[in-house]
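Asker: Numbering (full-length UniProt numbering), first residue to last: 1 to 106.
The C-beta atom is built at its ideal place from N, Cα and C for all residues, glycine as well.
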């Protein structure tokens, strides 16, 4: 089997040009920025997932009396309304907080 090596830098497969110090610094800065962007995105996903779990825990305790193989319509409506209320409240608080921060920075 004759495999071509996979390049970590697409477009530079055939290039044997050594990378200079300035190129390495630029590459390091670009990698750092990309890494920070990826970490921020993963943190947002984790926060969203944690928030969903928190809502579901609260709403489950409030709405589900007895677990079964299916949710009855009353329980399903209660869960939906409960989560909707928490989302609306969170959005309202976040919006209000953003307004306060914006007024403070002016």
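(1) How do the region 36-45 and the region 64-79 stand: do at least 3 beta-carbon pairs fall below 8 angstroms, yes or no?
(2) Give me, in chain order, the residues of the same chain whose beta-carbon lies closer than 8 angstroms to that of residue 75; leave out the 5 immediate sequence neighbours on both sides.
(3) Return the CA-CA distance between residue 88 and residue 101, expressed in angstroms with no decimal places.
(4) Using only the alpha-carbon positions, how far apart do residue 36 and residue 30 sit?
(5) When the Cα of residue 57 is compared with those of 40, 97, 83, which residue comes out closest?
(6) Alpha carbon to alpha carbon, how far is residue 97 from residue 103? Give it in angstroms, no decimals.
(7) Can you tell me where the alpha helix (DSSP H) holding residue 74 begins and where it ends?
(8) So, residue 79 versus residue 59, is the Cβ gap smaller than 8 angstroms?
(9) Using a Cβ-Cβ cutoff of less than 8 angstroms, which residues in the same chain neighbour residue 55 once the five nearest sequence positions on both sides are dropped?
Answerer: Considering the structure as presented:
(1) Touching, no.
(2) Within the chain shown, numbered from 1, the residue matching residue 75 stands at position 75. Within the same chain, residue 75 has close Cβ partners 63, 64, 65.
(3) For the purposes of this step, residue 88 is identified with residue 88 of the chain shown, where counting begins at 1. For the purposes of this step, residue 101 is identified with residue 101 of the chain shown, where counting begins at 1. When rounded, the separation of the alpha-carbon atoms in residue 88 and residue 101 is 20 angstroms.
(4) By 1-based counting over the chain shown, the position of residue 36 is 36. By 1-based counting over the chain shown, the position of residue 30 is 30. Looking at the backbone, the Cα of residue 36 and that of residue 30 are separated by about 10 angstroms.
(5) For the purposes of this step, residue 57 is identified with residue 57 of the chain shown, where counting begins at 1. When each option's Cα is compared against that of residue 57, the closest is 83.
(6) Working through the chain shown from its first residue, we reach residue 103 at position 103. Working through the chain shown from its first residue, we reach residue 97 at position 97. Rounded to whole angstroms, residue 103 to residue 97 spans 10 angstroms at the Cα level.
(7) Translated into the one-based positions of the chain shown, residue 74 becomes position 74. Residue 74 -> alpha helix (DSSP H) spans 73-104.
(8) Working through the chain shown from its first residue, we reach residue 79 at position 79. Working through the chain shown from its first residue, we reach residue 59 at position 59. In this structure, residue 79 places its C-beta atom within 8 angstroms of the C-beta atom of residue 59.
(9) Reading the chain shown from its first residue, position 55 is the one you call residue 55. Cβ neighbours of residue 55 beyond the five flanking positions: 82, 83, 86, 87.
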